[in-house]
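Each residue of the sequence shown is one higher than the one before, starting from 848 at the first, in this note's numbering.
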Amino acid sequence: MTSKRKLTGLCAIALTAMWSVGTWAQAQEVKQKPAMYTYIANWEIPRAHWAEMAKAADADKAVLDKAVADGTLVGYGNDENLVHTPGEFTHDDWWSSNSIAGLMKVLDQISQAGGTSRSVLESSTKHWDHIDVSHYYNWKPGAYKNGYVQVAIYTLKPNAPDDAVEQLSKSFIVPLLEKQLADGTIVEYEIDVPAVHTSAPGTFAIVWVCPQADGIDKVGAAIRASREGDALSEAAFLSMVDYKSHRDELNRGNGVFK
């Protein structure tokens, strides 16, 4: 949901030193899920036009809702960046499907309806797209509004194993986020890698959505507790990840999952 995807201190919920398996995690068997592809359109919009972005998102809602209802999509949404960095996106739109064909079908429908040529989008100073794929994800079905979308972006070290993202997902990341999902602290998470390599291979993003702002602190506390209780997990994570290239995002957004 990648934007989706820089929040240095706040995401010292820094998924670095983190994620221990724990008793709850050991009772679960984490398996890959069918591929979920996500198309993300990133926009840098001048501040004077920010209010117009919400209207543009509403204009695409009928197309997106229909695509969810007929199974073409499993979810969609839009985000506003809360921690701005010069030259980076201010807004994004995204939708997810179990196939790239599903993504392209919806892109064509939005384009035919004029959704890619609205004046607010033409005001953008930068625009770029990317397509990610995830095999580790989960959500609570339904809609969220003004949720807090956190994204932690990492690059693997050159000597990391080919299945590093799979190892980290199964051993550390999914168990911790599944617990946060079960207790309602988050409503969705996913671990994304590029499906179309518009960025360098070896990057991955961990995304989670808190319906309330206090969820940011709760997830952070869970990560810190995990980190303090398991030095081996920290060492394993850092052995595979080049932390100098780590970046975070904090966005506020709306979304729907089937």
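Glycine included, C-beta positions come from ideal geometry on N, C-alpha and C.
Task: Contact test: V915 Cβ vs the ligand NAD heavy atom, cutoff 6 Å - done: Of the ligands one can find in the structure shown there are none, so the ligand NAD has no counterpart to examine.
- [ ] Just the C-alpha distance for D1061 and Y991, rounded to the nearest angstrom, thanks.
- [x] As a first step, residue 1061 is located in the sequence shown; it is residue number 214 there, counting from the start. As a first step, residue 991 is located in the sequence shown; it is residue number 144 there, counting from the start. So the alpha carbons of these two residues sit roughly 15 Å apart.
Open item on the list: What does the alpha-carbon distance come out to for the pair L1028 and A1082?
Closed with: As a working note, residue 1028 is residue 181 in the sequence shown. As a working note, residue 1082 is residue 235 in the sequence shown. Cα to Cα, the separation comes out at about 26 Å.
Task: DSSP-derived helix/strand/coil call for L1097 - done: In the sequence shown, the residue the question calls residue 1097 occupies position 250. If DSSP states are grouped into helix, strand and coil, L1097 belongs with the strands.
TODO: Could you check the C-alpha separation between G922 and G1076 for me, to the nearest Å?
DONE: Walking along the sequence shown from the start, residue 922 turns up at place 75. Walking along the sequence shown from the start, residue 1076 turns up at place 229. Each residue's Cα considered, the two are about 35 Å apart.
- [ ] In the DSSP assignment, find the unbroken alpha helix (DSSP H) run with V910 in it and report its ends.
- [x] Mapped onto the sequence shown, residue 910 falls at position 63. K908 to A916 is the extent of the alpha helix (DSSP H) around V910.
Task: Stretch pair the region 880–898 + the region 979–990: three plus CB contacts closer than 8 Å - done: yes
TODO: Could you tell me if G918 is buried or exposed, where buried requires 16 or more neighbouring beta carbons within 10 angstroms of its beta carbon?
DONE: Locating residue 918 in the sequence shown gives position 71, counting from the first residue. The residue is exposed, with fewer than 16 neighbouring Cβ atoms inside 10 Å.
Task: Cβ-Cβ distance between S971 and E1096 below 7 Å - done: Your numbering for residue 971 matches position 124 in the sequence shown. Your numbering for residue 1096 matches position 249 in the sequence shown. No, the pair does not count as a contact, with Cβ atoms beyond the cut-off.
Open item on the list: So if DSSP puts K973 in a beta bridge, which residue, or which two residues, is it bridged to?
Closed with: For the purposes of this step, residue 973 is taken as residue 126 along the sequence shown, with counting starting at 1. DSSP, once it has assigned bridges, lists E891 as partnering K973.
TODO: With a floor of 4 residues, list each alpha helix (DSSP H) that falls wholly inside the region 1020–1091, ordered by position along the chain.
DONE: 1021–1029, 1061–1076 and 1078–1087
TODO: Name the residue from S1080, T937 and A909 whose alpha carbon lies nearest to the alpha carbon of Q956.
DONE: Along the sequence shown, one-based indexing puts residue 956 at 109. Checked all of S1080, T937 and A909; the closest Cα to Q956 is A909.
- [ ] Mind listing, in chain order, the continuous beta strand (DSSP E) runs of no fewer than 3 residues lying wholly within the region 983–1018?
- [x] 989–1002
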